[in-house]
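Chemist: Could you have a look at this structure, given as structure tokens, before my questions?
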Amino acid sequence: MIIESSAPTRVDLAGGTIDIPPLFLFHEGASTVNFAVDLMAKCRIETRDDGVISIASIDRNEKFEVSLDTIDSLKDEPRLELLSKLIYFFRPEIGFTMITESEAPAGAGLAGSSTLNIACIGALNALAGNRYSEDRFIPIAANVECQVIKVPTGYQDYYSAQYGGVSCIHFGPEGMHREALAIDEETLHRRIAVCYTGEPRNSGTNNWELTKRHIDGDRELFEIFDGIRDTSIAVRSALIGQQWDDLGTILRDAHPERKRLSPNIATPQMDLLIETALANGAIAAKICGAGGGGCIAFYCEDGRKQDVETALSREEGCEVLNWNISREGLSIRTEAHA
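Read left to right, the sequence shown gives residues 53 to 390 (the working numbering).
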């Protein structure tokens, strides 16, 4: 049997970090807004009859094998740790070769690891005879990733990977739910440029330190998170209402407030790229993910996206990304051996 799965990465517009439990429980109305992009994470599984499990990552250029008899060793395997723990969780009863690949640059801040997590869960679940319904994929992904990074993880990235599209994910005491946003996707695409800074993301914000400070009652941090919540609410409203000028103002004002979380969110290279973009038609910059490298999304004046991309492409190390909104989320295809 051959199983192929894929899932889209995402660009986050607002609400990042507030999606980490239990932080959202202290900010009523907490939500995040993001949109899925067609820089895909992919997983291919092909069964084999020799009792061997072969695991390979194309973008990390790493590969190793274990036997079905020693599958328990994957519980604490440091190589390709996320893949190893997922296979240990599903414990398939047949040998197979798993190959993964991500189209997003390494450390891009586009939720590459969380997206790969969802893609692999979809493929492994199919291999295991569809043991779990799809509504269980996100909790499984978050729990296994927590085992890998050893601290609580945010949830928004799994929703974009599983469902695609433009989304507002709401968080509260009743749980989490995704709201699909029906917006003018053509205008959003026309006005947002995304570049990879050339610097892999290096944890611009230490989410665990922020979580501890928040729980310890840091009043300034509480105020910052209230602002993150309010920005997300405003971004959702502007998108739904097609208030494109308002969206630019909201995103512009959010950037300096976001930097209050940590002085390491923007590197000198990122500041240079932001200055270049703002001088060539960008209205606002949104650092993707936790910052400290990775990608930046720029909200541009209408008709100026090309100017922004051209200016950025001249900067050393910067790569302008070609992207489209991915309306579909996780895709799983299976076929029998010929």
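Don't be surprised by glycine CBs; every beta carbon is placed ideally from N, CA and C. None of these values were measured; they are calculated from a predicted model.
Check the C-beta distance from Glu153 over to Asp111 and give it rounded, since I have them as a contact under 8 angstroms.
Modeler: Position 101 of the sequence shown, counted from the first residue, corresponds to residue 153. Position 59 of the sequence shown, counted from the first residue, corresponds to residue 111. Rounded, the Cβ-Cβ distance is 6 angstroms, consistent with contact.
Chemist: Express the C-alpha separation of Ile54 and Arg265 in angstroms, rounding to a whole number.
Modeler: Position 213 of the sequence shown holds residue 265. Position 2 of the sequence shown holds residue 54. Spanning the two alpha carbons is a distance of roughly 47 angstroms.
Chemist: For the stretch 183-191 against the stretch 62-80, are there 3 or more C-beta pairs whose distance is under 8 angstroms?
Modeler: Short answer: they don't touch.
Chemist: Smallest Cα separation from Glu353: which of Tyr211, Ile146, Ala331?
Modeler: On the sequence shown, position 301 is the one that residue 353 refers to. That would be Ala331, whose Cα lies nearest to the Cα of Glu353.
Chemist: Rounded to the nearest angstrom, what separates Arg310 and Ile280 at their Cα positions?
Modeler: Translated into positions along the sequence shown, residue 310 becomes position 258. Translated into positions along the sequence shown, residue 280 becomes position 228. Taking the straight line joining both Cα atoms gives about 8 angstroms.
Chemist: Ala194 to Leu303, Cα distance in whole Å?
Modeler: Taking the sequence shown and counting its residues from 1, one reaches residue 194 at position 142. Taking the sequence shown and counting its residues from 1, one reaches residue 303 at position 251. Cα to Cα, the separation comes out at about 28 angstroms.
Chemist: Confirm, please, whether the CB-CB distance from Tyr351 to Arg243 is below 7 angstroms.
Modeler: For the purposes of this step, residue 243 is taken as the residue at position 191 of the sequence shown. For the purposes of this step, residue 351 is taken as the residue at position 299 of the sequence shown. In this structure, Arg243 lies near Tyr351, with their beta-carbon atoms less than 7 angstroms apart.
Chemist: Are at least three pairs of beta-carbons, each pair with one atom in the stretch 215-222 and one in the stretch 74-91, less than 8 angstroms apart?
Modeler: yes
Chemist: Of all the options Pro191, Asp124, Cys172, Ala93, which has the alpha carbon lying nearest to the alpha carbon of Gly164?
Modeler: Here residue 164 corresponds to residue number 112 of the sequence shown, with the count starting at 1. The shortest C-alpha to C-alpha distance from Gly164 to any of Pro191, Asp124, Cys172, Ala93 is the one to Ala93.
Chemist: For Asp282, does the three-state DSSP call read helix, strand or coil?
Modeler: What you label residue 282 is simply residue 230 of the sequence shown in a count that begins at 1. If DSSP states are grouped into helix, strand and coil, Asp282 belongs with the helices.
Chemist: In the structure shown, what three-state DSSP assignment does Lys137 receive?
Modeler: As a working mapping, residue 137 is identified with position 85 in the sequence shown. Of the three classes helix, strand and coil, the one that applies to Lys137 here is helix, per DSSP.
Chemist: What is the DSSP secondary structure of Gly224, counted as helix, strand or coil?
Modeler: As a position in the sequence shown, residue 224 is number 172, starting the count at 1. When DSSP states are grouped into helix, strand and coil, Gly224 belongs to the strand group.
Chemist: What residue does the beta strand (DSSP E) around Cys247 start on, and which one ends it?
Modeler: Mapped onto the sequence shown, residue 247 falls at position 195. Where Cys247 is concerned, the enclosing beta strand (DSSP E) stretches over 244-248.
Chemist: If you drop the 5 nearest sequence neighbours on each side, which residues of the same chain put their C-beta closer than 6 angstroms to that of Ile235?
Modeler: If you number the sequence shown from 1, residue 235 lands on position 183. Closer than 6 angstroms at the Cβ level, and outside the excluded window around Ile235, lie Val218, Leu291.
Chemist: Consult DSSP for Ala232 and reduce its assignment to one of helix, strand or coil.
Modeler: Stepping through the sequence shown from its first residue, residue 232 is reached at position 180. Taken through DSSP and simplified to helix, strand or coil, Ala232 comes out as strand.
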